[in-house]
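**Q** Residue numbers (this note's numbering), protein chains in the order written: chain A, 57 to 198; chain B, 827 to 1104.
Each residue gets a CB set at the ideal place from its N, CA and C atoms; glycine is no exception.
Computed from a predicted model, the values in this text were never measured in an experiment.
Pasting a structure here, questions to come.
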Amino acid sequence: MPPTGGQPSQSQSFQPQPWRDRRLELILGNLLRAGVLLSAAVVLAGAGVYLSRHAHEAANYRVFRGEPADYRTVSGVIHSVWSGRGQGLIQLGLLLLIATPIARVAFSVVGFSIERDRMYVIFTVIVLVVLLFSLLGSGMGV
Amino acid sequence: MTILDFTAVVAAVSFGAGLLGSLTGLGGGVVLVPLLTLLFHVDIRYAIGASLVSVIATSSGAAAAYVKEGFSNIRIGMFLEIATTVGALCGAFLATRIPTSALATIFGGVLLYSAFLSRKPRPLDQRDLPPDPLATRLRLNGNFPEGGRKRKYNVQHVPAGFSLMFGAGALSGLLGIGSGAVKVLAMDQAMRIPFKVSTTTSNFMIGVTAAASAGVYLNRGYVDPGLAMPVMLGVLGGSLLGSRILVKAETKSLRLVFSVVILALGLQMLYKGLWGRI
């Protein structure tokens, strides 16, 4: 894979980390932290609803049963949030949490395109596809 | 135990694990699964699902602080994430197919290795290594500020590091941990990346790697809201507090205590796994 095909104007000198990398990373770092705090807030809200209703039931995680469909898929989670369930809200917060690193990778695609770094655009897209497959596609056909 | 008691106790234990993990730099996730299974008798699959979620929280939560230090190399991270995410996906699929006793046994082995590694002194950074042709083509070499100057480094042994990272990703997906121990092996020992660069870059990668397997776990119904909630909130709170007091705290003896805990948990997981008690 040639590093930069057909772009003679781009400098090939040894400069792997231009200043933009760092600015991009700072933005991404803050984005990630905001995402985590947001998801923690949603989980906390869900915890309030969940505990106010189920606090005195018995906790049992000894036996693995697997979660119902409402807590397993993106559409199921949204559905259970609409029905006002605390567990649904918690799962929504966890989905937001899983989305934060995915958002970072998606923004990196943009960042590398701005830098016209074709090789790293391709690398980043591969990672993004793997992540999206895991979240959206891995439940199908099982 | 009622759900209220259970939630409170699990949140407190997770807070402690997150705090110790961040103070010692050994990560909280590695003790969380054994604690949940051995202490609270949680099925290991639920425990792994909850731990994975907390790994994402600590990694993403600490990212901003790490970036400010300006050591992480976004290209090394992104290139190696191809290996870790594909590995994580494989590990997560494998986890749904192998018996829980095998999971516990592998977990015990990884704990023992982590305990061993935490007692071993880090190898000294090797300076002024010649540039590797493949690393140069992939533009992995970089520099970072040290003592007011920029220090350049040249990445070595790219194929070996990439393969080890696949293994780190697979372990992360299989066991729901950050697998920092294997990442250190790949980045420090094989690729000869300076310590400061490898730790901060690895923190960035841990969240992305965990997200790759978290999707599979969620879709398979391994992520229980009632369990993941106290674990995630507890670990996040503990690690955020830990990163605030990190600079002042004396971590040497703490590291010793924590590695003894890891060793004890590892032996117990190994025992339970081998005798099929899990």
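List, in order along the chain, the chain B residues whose C-beta lies closer than 8 Å to that of Ile154 (chain A)?
**A** The sequence position of residue 154 (chain A) within the first sequence is 98, counting from 1. Chain B residues near Ile154 (chain A): Val879, Ile882, Ala1037, Ala1040, Gly1041, Leu1044.
**Q** Gly1006 (chain B): which of B:Ala1054, B:Ala941, B:Pro956, B:Ala1038 sits nearest, CA to CA?
**A** Mapped onto the second sequence, residue 1006 (chain B) falls at position 180. When only C-alpha atoms are compared, the closest one is B:Ala941.
**Q** Report the neighbours of Arg118 (chain A) on chain B: residues whose CB is nearer than 8 Å to its CB, in chain order.
**A** Translated into the one-based positions of the first sequence, residue 118 (chain A) becomes position 62. Chain B residues near Arg118 (chain A): His867, Val868, Asp869.
**Q** In terms of residues, what are the limits of the beta strand (DSSP E) holding Pro971 (chain B)?
**A** As a working mapping, residue 971 (chain B) is identified with position 145 in the second sequence. Per DSSP, Pro971 (chain B) belongs to the beta strand (DSSP E) from 968-972.
**Q** Please say whether Met1031 (chain B) and Gly854 (chain B) have beta carbons closer to each other than 7 Å?
**A** Residue numbering aside, residue 854 (chain B) sits at position 28 when the second sequence is read from its first letter. Residue numbering aside, residue 1031 (chain B) sits at position 205 when the second sequence is read from its first letter. Not in contact: Gly854 (chain B) and Met1031 (chain B) (Cβ atoms no closer than 7 Å).
**Q** Would you mind working out which of B:Asp831, B:Gly847, B:Gly995, B:Ala834 sits nearest Ile1083 (chain B), comparing C-alpha positions?
**A** Residue numbering aside, residue 1083 (chain B) sits at position 257 when the second sequence is read from its first letter. Correcting the residue identity first, residue 1083 (chain B) is Val in this sequence and not Ile. That would be B:Gly847, whose Cα lies nearest to the Cα of Val1083 (chain B).
**Q** Quick check on Phe179 (chain A): does DSSP put it in helix, strand or coil?
**A** Counting from 1 along the first sequence, the entry for residue 179 (chain A) is found at position 123. Phe179 (chain A): helix per DSSP, three-state reduction.
**Q** Which residues bound the beta strand (DSSP E) around Arg975 (chain B)?
**A** Here residue 975 (chain B) refers to the residue found at position 149 of the second sequence. Per DSSP, Arg975 (chain B) belongs to the beta strand (DSSP E) from 975-979.
**Q** Give every residue of the same chain whose Cβ lies closer than 6 Å to the Cβ of Tyr979 (chain B), excluding the five residues on either side of it in the sequence, and list them in chain order.
**A** The count along the second sequence starts at 1 and reaches residue 979 (chain B) at position 153. Closer than 6 Å at the Cβ level, and outside the excluded window around Tyr979 (chain B), lie Pro1020.
**Q** Quick one, which of B:Gly1002, B:Asp831, B:Leu1062, B:Arg1018 has its alpha-carbon nearest Leu955 (chain B)'s?
**A** To locate residue 955 (chain B), count along the second sequence from 1; it is residue 129. Comparing Cα positions, the closest option is B:Arg1018.
**Q** Cutting at 6 Å between CB atoms, please list the residues of its own chain near Asp958 (chain B), excluding the five before and the five after it.
**A** By one-based count along the second sequence, residue 958 (chain B) stands at place 132. Cβ within range, chain order: Gln982.
**Q** Should Pro124 (chain A) go down as buried or exposed, given a rule of 16 or more other Cβ atoms within 10 Å for buried?
**A** Within the first sequence, the letter at position 68 stands for residue 124 (chain A). Looking at its Cβ environment, which holds fewer than 16 other Cβ atoms inside 10 Å, Pro124 (chain A) is exposed.
**Q** Starting from the C-beta of Leu990 (chain B), find all residues in its chain whose C-beta is less than 7 Å away, skip the five residues before and the five after it, and write them out in chain order.
**A** Numbered from its first residue, the second sequence carries residue 990 (chain B) at position 164. Only Val1008, Leu1011, Ala1012, Ala1016 meet the Cβ criterion.
**Q** Is Ile113 (chain A) near Ile874 (chain B), with beta carbons less than 7 Å apart?
**A** Translated into the one-based positions of the first sequence, residue 113 (chain A) becomes position 57. Translated into the one-based positions of the second sequence, residue 874 (chain B) becomes position 48. Residue 113 (chain A) is actually Glu in this sequence, not Ile. Result no, Cβ atoms of Glu113 (chain A) and Ile874 (chain B) do not sit closer than 7 Å.
**Q** Check the Cβ of Pro959 (chain B) against every Cβ in chain A and list those closer than 7 Å, keeping chain order.
**A** The residue you call residue 959 (chain B) lines up with position 133 of the second sequence. Near Pro959 (chain B) there are no residues of chain A at all, since even the closest Cβ is about 12 Å away, more than 7 Å.
**Q** What are the residues that DSSP puts in a beta bridge with Ala114 (chain A)?
**A** In the first sequence, the residue the question calls residue 114 (chain A) occupies position 58. Beta-bridge pairing links Ala114 (chain A) to B:Thr828.
**Q** Since Val936 (chain B) contacts Leu1001 (chain B) with CB under 8 Å, what's their CB separation in whole angstroms?
**A** Indexing the second sequence from 1 puts residue 936 (chain B) at position 110. Indexing the second sequence from 1 puts residue 1001 (chain B) at position 175. Yes, Val936 (chain B) and Leu1001 (chain B) are in contact; Cβ-Cβ is about 6 Å, under 8 Å.
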